[in-house]
Ligand code: 13P
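Numbering (my numbering), first residue to last: 167 to 415.
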């Protein structure tokens, strides 16, 4: 099963529901392949609840883009807890996106976020990725392992966690890793996950960063890839559908 997850970031108004409707229509018609993949869309918090009511029994699932490090309710202006996300029927949450890491989310905070998401039975898409300097200094694997080790508890069973590998230098830049380089990184991360965690469940890794209808061709032959986290191209139904179409072409 491959995942195509759309992260809308700070985009979307009520009328943007049309984008999801069109994607959902495509999924219903794509009888040839639609059992092979799952589509999840992460609109902003303002739209989550109303969109979710509309797509409750549909093939598309919705996802929150983040959650608070604190659980339940509390005096945390502007924050939304995993408990509140769960209460409106959302089952997925993105944690550790590099854009949020850049504005202050550190490993200690991320550890708490992951914990509260697990407590609330949410499926977690946990983002990791090296920046340009780290890549240049050949620190990629070291950085990725540290981001995983510092946040995910050792006894975690990975039933509800998917790792999203998003190199920071690739997000929104049109630059993507070379397929053999990406394959090597994925194999190394999976090997590390197997040795570090005693999980009976299989480990899933997505790739994110400048995935679009053209670049998707580069990822078709990469075996260890379980899907994609898509930013810019997920804001247009046509662009998003073309990614899926080209992947299975
Ligand atoms: P782009 O697809 O726009 O590069 O963004 C990737 C991303 O950050 C998804 O979370």
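All C-beta atoms, glycine included, are put in the ideal place defined by N, C-alpha and C.
- Between residue 358 and residue 343, the alpha-carbon positions lie close to 20 angstroms from each other.
- Residue state for residue 230 is assigned as strand, using DSSP reduced to three classes.
- Taking one beta carbon from each stretch, the segment 383-390 and the segment 281-292 have fewer than 3 pairs nearer than 8 angstroms; the two do not touch.
- The ligand 13P approaches residue 399 closely enough that one of its heavy atoms is under 7 angstroms from the residue's Cβ.
- As computed with DSSP, residue 255 is found in no beta bridge at all.
- Counting only residues of its own chain and dropping the five nearest sequence neighbours on each side, residue 273 has a CB closer than 6 angstroms to the CB of 316, 317.
- With respect to residue 331, residue 372 sits close: the two C-beta atoms are nearer than 8 angstroms.
- In summary, residue 339 is exposed, with fewer than 16 beta-carbon neighbours lying within 10 Å of its beta-carbon over all protein chains present.
- Annotation for residue 376 indicates a beta carbon within 7 angstroms of some heavy atom of the ligand 13P.
- Residue 305 sits in coil when the DSSP states are folded into three classes, being neither helix nor strand.
- Contact holds between the segment 253-263 and the segment 220-233, because three or more Cβ pairs, one in each stretch, are under 8 angstroms apart.
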